[in-house]
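Numbering (the working numbering), first residue to last: 357 to 954.
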């Protein structure tokens with residue numbers, strides 16, 4: 357079947373009562389069946405077309421994840437148009453840029469709160485004139501004269517479907533061009549304005565098929581938990597691509613703040629996270645272990661140590677000792693199984709990480725719990741897939757191997773290039789950027805890689821993030837930063853030193869450590885932490901790392917900040933990658949102090 361819409365139609369026909377989507381309403385989980393899912397997309401398509409929406413137009417969505425988000429997204433595509441999602445935590449400036457760039461005629465918002473994000477804190481923006489109507493998911497149409505409730509739109513579409521000669525879902529499918537641009541995904545970008553990557557129906561269906569086959573995902577017996585932004589390729593590939601391909605029940609988190617409470621309620625069989633969130637889970641558990649007392653603390657430490665030894669043996673392709681194998685059963689019953697359930701991973705069969713490289717120490721820590729995190733390396737322009745790790749194969753610190761069906765090569769400078777059906781159509785209204793990214797069909801990813809001795813790819817970082825010292829030495833900061841982040845008190849590391857004599861670093865502490873310092877009154881309002889005790893604790897880890905590095909790679913000076921980098925302050929992308937240029941600008945004074953002789 358050529359598109360995910362074809363797959364939705366077949367699912368609804370073959371298993372109409374299968375649970376397809378679940379969402380929380382007034383404290384209870386509600387279910388939409390495969391038939392209801394298909395019918396809502398169909399009825400919304402009829403409604404959109406009746407209001408003048410056609411194949412030349414774009415619909416934009418500003419909302420947190422919910423079934424309605426997906427219904428409107430797919431309905432616009434069913435009509436033949438395009439759909440563009442906006443990050444829930446987008447700035448008003450970025451929202452304006454995307455609405456104007458797409459000339460969106462339809463704007464869908466979750467509620468009044470999301471609608472107000474458009475105008476900015478000072479009310480300096482308004483809805484562009486191109487927007488003809490605003491679809492409101494929660495039904496509050498008082499926000500604008502152009503507002504129509506989602507339920508009213510459904511009702512109108514349902515009435516249209518009942519009229520003689522009305523277009524069927526199959527009628528729409530027959531006119532879809534699988535290779536034309538459909539999904540518009542705006543890259544969050546660490547610099548400049550977002551770029552709208554156009555993905556075709558074929559891009560999404562093809563990559564979903566590759567991922568499903570490579571990881572051997574079971575058919576029609578899985579559940580997902582959707583909480584990463586649906587406007588990002590990772591969640592689009594999981595929730596819409598794999599979800600419809602494998603007929604999984606998608607559970608929508610009600611809001612990001614509820615992830616930690618709702619994930620344990622759902623206990624999904626497949627979970628996709630970004631590295632920063634896996635890291636947060638690990639930090640949370642370890643903070644509780646360190647804060648424990650007496651026999652309980654010793655039991656937890658023992659169980660994790662047993663799990664780590666068994667995992668180490670497994671990934672070294674050898675059997676664990678008889679004693680460890682026996683102890684693991686007890687450790688799992690008393691501790692490890694309970695930790696997995698508390699995290700919401702009690703029924704997990706496949707765990708995946710995407711959007712950035714996962715640090716090796718995080719992979720190995722989860723293995724001690726009996727959980728394997730598989731990595732998917734790709735980017736929006738490759739529909740989220742280039743390389744993937746294989747279950748049961750030692751791959752910590754790598755992103756595995758190119759997936760069959762993907763053409764792959766490393767350029768002379770180590771840049772990763774790829775070609776094939778997974779590569780995007782191009783950037784929306786940006787021919788120059790498209791030509792720069794694609795040469796003879798080869799996508800220039802901007803990521804640097806190298807092979808290890810097992811034939812697996814290691815990511816060295818972004819090409820544009822390479823630091824060049826005044827002495828001419830070129831250093832990729834990412835691998836060094838990740839090694840330092842393995843320290844239990846360190847959360848984030850941003851190395852600096854481009855054009856300077858030596859490298860320095862801005863270092864943040866874990867939430868647990870910051871909370872401890874705040875409780876003790878050791879945190880001031882200043883940006884930097886100057887406590888000799890804290891600085892010396894961090895210095896131990898910096899010195900240990902420096903001892904393993906060449907002199908020009910070493911971190912000569914560092915500053916410990918009193919808070920973590922955040923999305924709200926513009927220092928992280930919505931997928932929790934550092935915006936180095938923003939961080940360097942914001943902490944320019946602090947950085948300059950680490951170079952007193954310059």
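Here a beta-carbon is modelled for each residue, glycine too, at the ideal position from N, C-alpha and C.
For the structure I just gave you, are there three or more beta carbon pairs, one from the stretch 808-815 and one from the stretch 837-854, closer than 8 Å?
no
Segments of 4+ residues assigned as alpha helix (DSSP H) that fall wholly inside the stretch 879-908
888-902
Buried or exposed: residue 594, going by 16 or more other Cβ atoms within 10 Å of its Cβ?
buried
Name the one or two DSSP bridge partners that residue 503 has.
490
Locate the beta strand (DSSP E) running through residue 375, then write down its first and last residues.
375-381
If contacts are defined as beta-carbon pairs under 8 Å, then residue 752 and residue 630 qualify, I think. What distance do you get, rounded to the angstrom?
Actually they do not touch by this definition, with Cβ atoms about 17 Å apart.
Distance CB(residue 518)-CB(residue 560) smaller than 8 Å
no
At what residue ranges does the stretch 629-663 contain a whole run of the alpha helix (DSSP H), taking only runs of 4 or more?
631-647
Environment of residue 941 [buried if 16+ CB atoms lie within 10 Å]
exposed
Using 8 Å for Cβ pairs, my map puts residue 802 next to residue 819. What's the rounded Cβ distance?
5 Å
Output the distance between the C-alpha atoms of residue 366 and residue 528, rounded to the nearest integer angstrom.
14 Å
Is the CB of residue 787 under 8 Å away from at least one CB in chain C?
The displayed structure is made up of one protein chain only, and chain C is not part of it.
Which of the three DSSP states, helix, strand or coil, is assigned to residue 607?
strand
Same chain, Cβ closer than 7 Å to residue 935, neighbours up to 5 away in sequence not counted
546, 926, 927, 928, 929
Integer-rounded CB distance, given that residue 741 should sit under 8 Å from residue 759
6 Å
Let me make sure I understand the geometry here. Which of 885, 827, 953 has the alpha-carbon closest to that of residue 907?
827
Is it buried or exposed, residue 572, if we count other Cβ atoms within 10 angstroms and call 16 or more buried?
exposed
Of all the options 821, 459, 920, 861, which has the alpha carbon lying nearest to the alpha carbon of residue 937?
821
Between 643, 817, 608, 833, which lies nearest to residue 585 when the distance is taken from Cα to Cα?
608
Sort out for me which residues DSSP pairs residue 438 with in a bridge.
414
Applying the 10 Å Cβ sphere with the 16-neighbour rule, what's the burial state of residue 638?
buried
Distance, Cα to Cα, residue 691 vs residue 659?
6 Å
Select from 402, 399, 405, 422 the residue whose C-alpha is nearest the C-alpha of residue 376.
422
Ordered along the chain, which non-local residues of its own chain (more than five positions away) have a Cβ less than 6 Å from that of residue 915?
862, 884, 946
Could you pull the start and end residues of the alpha helix (DSSP H) that residue 448 belongs to?
448-458
On the three-state DSSP scale, how would you describe residue 762?
coil
Exposed or buried, what is residue 833 when buried is set at 16 or more other beta-carbons lying within 10 Å of its beta-carbon?
buried
Where does the unbroken alpha helix (DSSP H) through residue 946 begin, and where does it stop?
944-949
May I have the straight-line CA-CA distance separating residue 399 from residue 526, to the nearest angstrom?
13 Å
Neighbourhood of residue 418 by C-beta distance below 6 Å, restricted to the same chain and skipping five residues each side
442, 465, 470
What does residue 848 pair with, by DSSP beta-bridge criteria?
864
Residue 472 versus residue 860 - alpha carbon distance:
40 Å
Paired residues, beta bridge with residue 800 - DSSP:
773
Rounded straight-line distance, which links the Cα of residue 454 to that of residue 541:
10 Å
Residues near residue 823 by beta carbon distance below 7 Å, same chain, minus five either side:
831, 833, 851, 853, 854, 859
Write down the C-beta distance between residue 555 and residue 363 rounded to the nearest angstrom, noting that I regard them as a contact closer than 8 Å.
Their Cβ separation, rounded to whole angstroms, is 16 Å, which puts residue 555 and residue 363 out of contact at 8 Å.
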